[in-house]
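Since the structure comes first, as structure tokens, the remarks are kept for the end.
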Amino acid sequence: AAGVIQSPRHLIKEKRETATLKCYPIPRHDTVYWYQQGPGQDPQFLISFYEKMQSDKGSIPDRFSAQQFSDYHSELNMSSLELGDSALYFCASSPRPEKLFFGSGTQLSVL
Amino acid sequence: DAKTTQPPSMDCAEGRAANLPCNHSTISGNEYVYWYRQIHSQGPQYIIHGLKNNETNEMASLIITEDRKSSTLILPHATLRDTAVYYCIVRQRDDKIIFGKGTRLHILP
Chain A
1 AAGVIQSPRH LIKEKRETAT LKCYPIPRHD TVYWYQQGPG QDPQFLISFY EKMQSDKGSI
61 PDRFSAQQFS DYHSELNMSS LELGDSALYF CASSPRPEKL FFGSGTQLSV L
Chain B
1001 DAKTTQPPSM DCAEGRAANL PCNHSTISGN EYVYWYRQIH SQGPQYIIHG LKNNETNEMA
1061 SLIITEDRKS STLILPHATL RDTAVYYCIV RQRDDKIIFG KGTRLHILP
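For the protein sequence lines, the chains are A and B, in the order given. Okay, so the first sequence: first residue is 1 according to the numbering used here, each after it adds one. Okay, so the second sequence: first residue is 1001 according to the numbering used here, each after it adds one.
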């Protein structure tokens, strides 16, 4: 069965650089969620999209932005990266209002 | 605000049933109880969910008290691969998931 695909799996950036993470939801899933998980922490909700419109917003820094495209894939853009942005970033999709399916995550390391 | 309370860690012998408790005393009538788990650094995995009736699937059973203020996730025959952090989550069905602290379950050989 198709799963949520995230790319890249690993990303290394320098401070103040920009990063773009991509998420390809399961086909026919219309809702995408982004989560950030710092070392030793629980996943924190960042933002979600339903039918290409932002549907909810959590503790997402102003330096971050995201969007969902016409093919339902989503991108999380992070600018002016800081050391504290180093984390696992998970994307999840769901055929709203059902359960969420999570991808394997992108490990972002900011040096 | 945390809607659920779980013990931070639990141990269970391999082959035995693992019973993970969760308190959700402020749950409202239209909120479901969901359980997810996260095996080290992998994406969280859905286990089971319920509204007020007990539920069972191929992974686990969910027992919800009659007053809905608490629930128990039961893994009937725990294996080493069940070692993970287990999250009990209260949510409306079309809402985001908010992860709390979870229970770190250790399966002992």
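Where is the CB? At the ideal position from N, CA and C, for every residue including glycine.
- Interface residue (Cβ-Cβ distance to chain B less than 7 Å): A:Leu11 is not classified as such.
- With 16 or more neighbouring CB atoms inside 10 Å of its own CB, B:Lys1096 falls in the buried class.
- With contacts defined by Cβ atoms closer than 7 Å, B:Arg1104 and B:Ser1009 form a contacting pair.
- Here A:Leu111 has Glu14 as same chain residues with Cβ atoms under 6 Å from its own Cβ, once five neighbours each way along the sequence are excluded.
- At a beta-carbon threshold of 8 Å, the residues of chain B lying near A:Gly103 are Gly1043, ordered along the chain.
- By the neighbour-count criterion, in which 16 or more other beta carbons inside 10 Å mark a residue as buried, A:Phe69 falls on the exposed side.
- Listed by position along chain B, the residues whose Cβ is nearer than 7 Å to that of A:Tyr89 form an empty set, because the closest Cβ is around 11 Å away.
- By the Cβ-count criterion, B:Thr1026 is exposed, with fewer than 16 other Cβ atoms from all chains shown falling within 10 Å of its own Cβ.
- Within the region 80-108 of chain A, the complete beta strand (DSSP E) runs of at least 3 residues fall at 87-94.
- Any Cβ of chain B closer than 7 Å to the Cβ of A:Leu83 would place that residue at the interface, and such an atom is absent.
- Cβ contact annotation for A:Leu88 (same chain, cutoff 6 Å, sequence separation greater than five): Gln37, Gly105 and Gln107, in chain order.
- In this structure, the alpha-carbon of A:Met53 lies about 35 Å from that of B:Thr1056.
- Selection A:Ala66, A:Lys99 and A:Leu83 evaluated against A:Leu21 yields A:Ala66 as nearest (Cα-Cα).
- Beyond the five residues adjoining it in sequence on each side, B:Ile1089 comes within less than 6 Å, by CB distance, of Tyr1034 and Ile1097 in the same chain, given in chain order.
- Of A:Glu82, A:Arg63, A:Glu51 and A:Leu100, the smallest CA-CA separation from A:Leu76 is found for A:Arg63.
- At a cut-off of 7 Å between beta carbons, B:Tyr1086 makes no contact with chain A.
- Shown here, A:Asp42 sits in coil according to DSSP, grouped into three states, outside any helix or strand.
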